[in-house]
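Chains as they are written, first to last, in our numbering: chain A, 1 to 371; chain B, 1001 to 1371. No residue lacks a Cβ here, since even glycine has one placed at the ideal position from N, Cα and C. The structure presented is a predicted model; accordingly, all values stated were derived computationally and were not measured. Report on the following structure.
2 protein chains.
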Amino acid sequence: MTDVIPGFHAVVPAGGAGTRLWPLSRAGAPKFLHDLTGTGRTLLQGTVDRLLPLTGEGGVMVVTGARHQAAVQAQLPEVRPQDVLAEPSPRDSMAAIGLAAAVLEQRHGDVVLGSFAADQVIDGAEEFGRAVREGVEAARAGYVVTVGIAATGPSTAFGYVRSGAPLGVEGAPSVRHAQGFTEKPDAETAAEYLATGEYRWNAGMFIVRARALLDHLHAQLPTLHDGLREIAAAWDTPQRDEVLGRVWPTLTRIAIDHAIAEPVAAAGGVAVVPGDFTWDDVGDFASLAELLPAQSDASARTLGDESLVLRIDAAGTLVAPASGRAVTVIGVPDAVVVDTPDALLVTTLERAQQVKAGVDGWRERGREDLL
Amino acid sequence: MTDVIPGFHAVVPAGGAGTRLWPLSRAGAPKFLHDLTGTGRTLLQGTVDRLLPLTGEGGVMVVTGARHQAAVQAQLPEVRPQDVLAEPSPRDSMAAIGLAAAVLEQRHGDVVLGSFAADQVIDGAEEFGRAVREGVEAARAGYVVTVGIAATGPSTAFGYVRSGAPLGVEGAPSVRHAQGFTEKPDAETAAEYLATGEYRWNAGMFIVRARALLDHLHAQLPTLHDGLREIAAAWDTPQRDEVLGRVWPTLTRIAIDHAIAEPVAAAGGVAVVPGDFTWDDVGDFASLAELLPAQSDASARTLGDESLVLRIDAAGTLVAPASGRAVTVIGVPDAVVVDTPDALLVTTLERAQQVKAGVDGWRERGREDLL
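Next comes the structure, spelled out in structure tokens:
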């Protein structure tokens, strides 16, 4: 199952500040550049490690911000420099993935591409490979394929995709029509979703033929399509910088979900391949805590050197001793303590979603250096 | 009321690690060396500032550990070097105060001395001066005088002294006989104490004639008395180091409360002067929080630069941003966050008394550098 999938290319959008993981994740060093799970590999490296066996050498393309290009390249010696595309400024996921699709089509013709965010954690490489392999078959048949993750509970942190009838494509026995996408639901709605058996988490993974993607884009957002095509045509030429500088700032900012997935699903063109691997988008510290191994106090988690952490009556705490200093937590169960050289965060697992408010607070105070 | 009291000398024992204020207070830089109340003066400096107007120039003597001698001297340019006595090793308060009494008696004869710990905070200089002045009159009459602080509530953190009949000494109208001392009571007992109207907090301040103190010591602990007398006789001579090195390590470790105050009280020789000033021993972070001015969030307190602290849903928090780093607290009311360059403490006001357990924990792990 770890054989290379012929004609398959992976695209890894490496963007997003990961604000809810501040102060570990910063604008200058966002979460995908960090080893957040204590594996010794950053989230970006883990993503590429997972994809290279499926694409083969030279089959992974990363799209990232210009300010992160050097860091990305340094972390990924196995990815060729020409396969790290640098965006002059953030233009959201449609521009990032569309650019990759257009450059891939320019270089390799109508390959199948799969887009997988750089900051997700997956456990179950074989099942992941199985899902991608089926997804590629469905993509070859013309569909925009999304991976639907088996929900482990009625999460309100993720969007959902609803599955319909089997697709009936050769080599893709588990793939079904997608009936549509939903935004993050409230808890009650999420529970209703799961009770139907038809809903899965939408992990934002898309598998599609490059030309099919560009055709959909042409139909939905022709100006964005034309801009990306123009940039792609110049990418491997001396005109790249001129065209990029002129056209990139004009591109529409839109997520691929809204630009392609939702309208195409409504027209019956999206399929869902079930992915029964463990998946997490490491969206906040509560999510991160669940990904880390338990300490001797079974509910406590440490990201980093456990010898730097002393807990007394502090069950369930997540401590990231990232400055080398000794961290002592007494009598604050479920605390989140993130200790970095210039910024300290003290909160609780329950408040993990509100960390962004802290970042906003420092921005308002003009402390851009902390963001 | 701020006139100098003739023949009165102040002794300031500057010892104690202040473990419950760790990691602000360290073995190498104990709490009396710190400005814990944001006044710009350390607790030691505040203590001397309070006493010098009562003793006059040259009337304050500090007894401290040899390792703190240089720091003490640096903080107190107004105290002459010969008035900073350095103990080779900690031998508890009886040895410290007894040494000062013996040296004072050697230098000045039978003066009245008042002993006031270096790590207490007092608000109300005039009332403090009034109490000391009356205490000195009672001391001249032969009593060991303790200051009984008006309790603001049934604290379980302090010992109590019980007042009896008026003493009837000229110039000391408010002074009463002391019926005895009690250790820190439980909450119920403390409430009973206050209901009687007879109990006050024992602040560990003693006012007594030097010779009376030494006579009591001679009666109670003759060997300790003889050792201190021998050291004092050599103090201002070239023999000091030899005698100190030989005798000091043999001295009994005992608190002045047990050595003198309790047995002498039982024999009717202790008097209480009421002190109706605001007093605190800054015993822990909860106590410290009450001494600091409120921030814009009325119940929050900051020891240090408020611009380094961002609170969101964090009423009642005490934050000490003592490393220069930005501290963010989200959703942890009544948190205590003490941020120093090598150690971080996260706890709550309610757990303030348990900070010592953190220090013990690091000691067990061999991190003497953090203590």
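Chain-ordered residues of the segment 314-347 of chain A with a beta carbon less than 7 Å from chain B:
R325, A326, V327, T328, V329, I330, G331, V332, A335, V337, D339, D342, A343, L344, L345, V346 and T347
Is the distance from the Cβ of A1086 (chain B) to the Cβ of A1232 (chain B) below 7 Å?
no
Quick check on R1080 (chain B): buried or exposed, where buried means 16 or more other Cβ atoms within 10 Å of its Cβ?
exposed
Can you check which of these residues, B:F1206, B:L1214 and B:Y1160, is closest to T1189 (chain B) by C-alpha distance?
B:Y1160
Considering only their Cβ atoms, is the gap separating G331 (chain A) from T1348 (chain B) smaller than 7 Å?
yes
Is DSSP giving W1201 (chain B) helix, strand or coil here?
strand
For P1222 (chain B), which three-state DSSP category applies?
helix
May I have the straight-line CA-CA distance separating Q106 (chain A) from V273 (chain A), to the nearest angstrom?
28 Å
Which residues of the segment 280-311 of chain A have a Cβ closer than 8 Å to any Cβ of chain B? Give them in chain order.
S307 and L310
Proximal residues of chain B, C-beta to C-beta of G361 (chain A) below 8 Å:
L1310, I1312 and T1328
Length-filtered (4 minimum) alpha helix (DSSP H) runs lying within the segment 258-316 of chain A:
262-266 and 285-291
Mapping the DSSP letters down to three states, classify G1016 (chain B) as helix, strand or coil.
coil
Taking three-plus beta-carbon pairs below 8 Å as touching, is the segment 1267-1281 of chain B in contact with the segment 1117-1125 of chain B?
yes
Name the chain A residues whose beta carbon is nearer than 7 Å to that of R1367 (chain B)?
A326
Quick check on this structure: which residue in A:V169, A:L244, A:M205 and A:L36 has the alpha carbon closest to the alpha carbon of P90 (chain A)?
A:L244
Which whole runs of the alpha helix (DSSP H) in the segment 1145-1223 of chain B are 4 residues long or more, in chain order?
1187-1196 and 1210-1220
Helix, strand or coil for V1359 (chain B) per DSSP?
helix
For E87 (chain A), which beta-bridge partners are listed by DSSP?
A:G65
For a contact defined as C-beta to C-beta under 7 Å, what are the partners of R1351 (chain B) on chain A?
I330 and G331
Measure how close the beta-carbons of D1334 (chain B) and E1350 (chain B) come, nearest whole angstrom, since I'm counting them as under 8 Å.
7 Å
Rounded to a whole number of angstroms, what is the C-alpha to C-alpha distance between E1242 (chain B) and E1078 (chain B)?
29 Å
Mind the definition here: the segment 154-174 of chain A touches the segment 20-37 of chain A only if three or more C-beta pairs lie below 8 Å; say whether that holds.
no
Secondary structure of S25 (chain A), DSSP reduced to three states:
coil
Taking Cβ positions only, does M1 (chain A) come closer than 7 Å to chain B?
Note that M1 (chain A) has pLDDT 46, beneath the 50 cutoff, so the model's placement of it is unreliable and the number below is only indicative. No, M1 (chain A) does not count as interfacial toward chain B.
Looking at the strands, I want to know which residues DSSP matches up with S1115 (chain B).
B:V1011 and B:F1206
Can you give the beta carbon distance from D1119 (chain B) to L1217 (chain B), rounded, assuming they're within the 8 Å contact cut?
D1119 (chain B) to L1217 (chain B), Cβ: 24 Å. No contact.
For T328 (chain A), the residue or residues it bridges with in DSSP
A:L310 and B:L1345
Mapping DSSP to helix, strand and coil, what is P1053 (chain B)?
helix
Return yes when the Cβ of D1342 (chain B) is within less than 7 Å of the Cβ of R41 (chain A), no when it is not.
no
Do you know how far the Cα of P293 (chain A) is from the Cα of A96 (chain A)?
34 Å
Tell me which same chain residues have a C-beta within less than 7 Å of the C-beta of G56 (chain A), skipping the five on either side of it?
V4
On the three-pair Cβ rule with 8 Å, is the segment 1135-1152 of chain B touching the segment 1212-1226 of chain B?
yes
Comparing C-alpha positions only, which one of B:R1365, B:V1169, B:K1356 and B:G1148 sits nearest to G1018 (chain B)?
B:K1356
Taking a cut of 7 Å between CB atoms, which residues from the segment 18-30 of chain A lie near chain B?
none
Can you tell me where the alpha helix (DSSP H) with A138 (chain A) in it begins and where it stops?
A125 to R140
Work out the CA separation of V1144 (chain B) and V1175 (chain B) for me, nearest whole Å.
11 Å
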